[in-house]
Amino acid sequence: MLRFIDREVEIWQVREFLNNPPGYVLFVYGPKSSGKSTLMMKIARDVGNFVFYDFRARAPSNVADALMVPKPTVFGRIRRWLRQKITGMNRMNYPVLVLDEVQALTYSGVNFKEIAAMLNFLVTLTKKMHLTHAVVVTSDCLFVENAVKLAALEEAAEFMFVGDLEKATVLGWMREEGMDDAQARRVWEVCGGRPYELWLVVNHFHAIGELDILDKIIARKKARIEMVVGNDKECEEILRKMAKKGKIKVRQVDRKILEKLIKEEIAFFDPIEGTIYPISQSTGVAIQQLYL
Numbered sequence: 098m099l100r101f102i103d104r105e106v107e108i109w110q111v112r113e114f115l116n117n118p119p120g121y122v123l124f125v126y127g128p129k130s131s132g133k134s135t136l137m138m139k140i141a142r143d144v145g146n147f148v149f150y151d152f153r154a155r156a157p158s159n160v161a162d163a164l165m166v167p168k169p170t171v172f173g174r175i176r177r178w179l180r181q182k183i184t185g186m187n188r189m190n191y192p193v194l195v196l197d198e199v200q201a202l203t204y205s206g207v208n209f210k211e212i213a214a215m216l217n218f219l220v221t222l223t224k225k226m227h228l229t230h231a232v233v234v235t236s237d238c239l240f241v242e243n244a245v246k247l248a249a250l251e252e253a254a255e256f257m258f259v260g261d262l263e264k265a266t267v268l269g270w271m272r273e274e275g276m277d278d279a280q281a282r283r284v285w286e287v288c289g290g291r292p293y294e295l296w297l298v299v300n301h302f303h304a305i306g307e308l309d310i311l312d313k314i315i316a317r318k319k320a321r322i323e324m325v326v327g328n329d330k331e332c333e334e335i336l337r338k339m340a341k342k343g344k345i346k347v348r349q350v351d352r353k354i355l356e357k358l359i360k361e362e363i364a365f366f367d368p369i370e371g372t373i374y375p376i377s378q379s380t381g382v383a384i385q386q387l388y389l
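Following the numbering used here, the numbering of the sequence shown begins with 98 at its first residue and continues without gaps.
See below:
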């Protein structure tokens, strides 16, 4: 059975954001399966005064479709929809609007200009009108990069990174699940603090009593990396640098290679830090085994 693991620091950060009057849009970003949505859903449920919308639940062709709002005068309709939601909430506390995996709009062919208009509207709701808190959750770092460039978000947005669990948390968790110290350390060495992979390992361990799944995880990662890279020597060279250094500066990477590695979920690009690195610990291990 799934249970919420740690995240005390992140919970404190978001609660500090919610404890103040709305003044900016909070972007919560990080690698896929790092626990962003779970974190925000837990906090939203604790707050109780929220609208949580998951853009992955639909394949919209525009923002109006995504929010199930009639198309004519899209943003007028969206304003009306949100106003109805907010009006029905407890005004003793500011309501919280959480838009999860907003980048799914771009995957469906929605023009970023339309998304930018929606983000600008969130600025109006927060910084200008102080009506509601707004949280945008995404695992797409290129989406974050585009958001950072928007003039409307200058001094109207903050960016919060949600990464993997800490080593001490993972080791303690694995011991609670019945593993000995050597087994717990082995899990950390392969999976790091990635919640999704750790749950796979825990479930397998309880079912089989073994950790052979770790070798299978690495084997799958290696096979996928080799398939993606193929005969692309430039891509291979970037992965060699990544295998040696871990993080590398994004300015060292050709844009096409960068987008390829991100799209194929091999690398994660942090636009705030300006670095690129393996999207997960297990991917990093696979890259090292292939290119060191």
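By construction, the Cβ of each residue, glycine as well, lies at the ideal position given by its N, Cα and C atoms.
Option in the options with minimal Cα separation from residue i
i, options, result
"GLU294", "GLN280, LEU239, GLU333 and SER131", "SER131"
"GLU286", "THR135, GLU273 and LEU308", "LEU308"
"ASP367", "VAL299, ARG348 and ASP277", "ARG348"
"PHE365", "VAL207, ASP237, VAL106 and VAL122", "ASP237"
"TYR388", "ALA281, GLY289, CYS332 and LYS357", "CYS332"
"GLU211", "THR266, LEU247, LYS264 and PRO292", "LEU247"
"PRO292", "LYS360, ASP312 and LYS264", "LYS264"
Per-residue burial, residue i [other beta carbons within 10 Å of its own, 16 or more giving buried]
i, result
"ILE305", "exposed"
"LYS318", "buried"
"TYR204", "exposed"
"ASN116", "exposed"
"GLU370", "exposed"
"ARG112", "exposed"
"GLY289", "buried"
"ARG142", "exposed"
"LYS391", "Because the chain spans 98 through 389 in this model, residue 391 falls outside it and cannot be assessed."
"ARG352", "exposed"
"GLY381", "buried"
Cβ neighbours of residue i in the same chain (closer than 7 angstroms, five flanking residues each side left out)
i, result
"GLU362", "LYS129 and ILE376"
"ALA383", "ILE315, LYS318, LYS319 and ILE322"
"GLU107", "LEU136 and VAL259"
Contacts around residue i, its chain only, beta-carbon distance under 8 angstroms, and the 5 residues preceding and following it disregarded
i, result
"THR170", "Note that THR170 scores 47 on pLDDT, short of 50, meaning its location in the model is unreliable and no value can be drawn from it."
"GLN386", "ILE315 and LYS319"
"ALA249", "ALA213, LEU216, ASN217 and VAL220"
"ARG282", "LEU268"
Alpha-carbon spacing of residue i relative to residue j, whole angstroms
i, j, result
"GLN378", "ILE310", "15 angstroms"
"GLU251", "PHE114", "18 angstroms"
"MET339", "ASN243", "24 angstroms"
"PHE152", "VAL199", "6 angstroms"
"ARG188", "VAL284", "In this predicted model, ARG188 has a pLDDT of only 49, less than 50, meaning its place in the structure is not dependable enough to derive any value."
"ILE373", "PHE218", "31 angstroms"
"PRO118", "LYS346", "37 angstroms"
"ARG409", "VAL326", "Residue 409 falls outside the range modelled here, since the chain spans only 98 to 389, and no answer is possible."
"HIS303", "GLU105", "27 angstroms"
"PRO167", "VAL220", "Note on PRO167: pLDDT 46, under 50, position unreliable in the model; the coordinate value appears next. Each residue's alpha carbon lies about 22 angstroms from the other."
"LEU136", "PHE209", "26 angstroms"
"HIS227", "THR266", "37 angstroms"
"MET324", "MET138", "35 angstroms"
"LYS120", "ILE140", "Just to set this straight, residue 120 is Gly in the shown sequence, not Lys. Looking at the two C-alpha atoms, the distance is approximately 19 angstroms."
"GLY343", "ALA154", "34 angstroms"
"MET276", "VAL299", "9 angstroms"
"ILE359", "VAL241", "13 angstroms"
"LEU297", "LYS225", "44 angstroms"
"LYS341", "ASP312", "21 angstroms"
"VAL148", "VAL245", "24 angstroms"
Proximal residues to residue i (C-beta, below 6 angstroms), its chain only, five neighbours per side dropped
i, result
"ASN190", "ASN146"
"ILE335", "VAL350 and ILE354"
"LYS133", "VAL125, GLY127, VAL234 and VAL259"
"GLU391", "The requested residue 391 is not part of the displayed model; the chain covers only 98 to 389."
"TYR150", "LEU196"
Cβ-Cβ distance between residue i and residue j below 8 angstroms
i, j, result
"LEU262", "ILE102", "yes"
"GLN110", "MET257", "yes"
"LEU194", "THR229", "yes"
"ALA213", "THR223", "no"
"ALA254", "PHE124", "yes"
"LEU196", "VAL233", "yes"
"LEU216", "VAL122", "yes"
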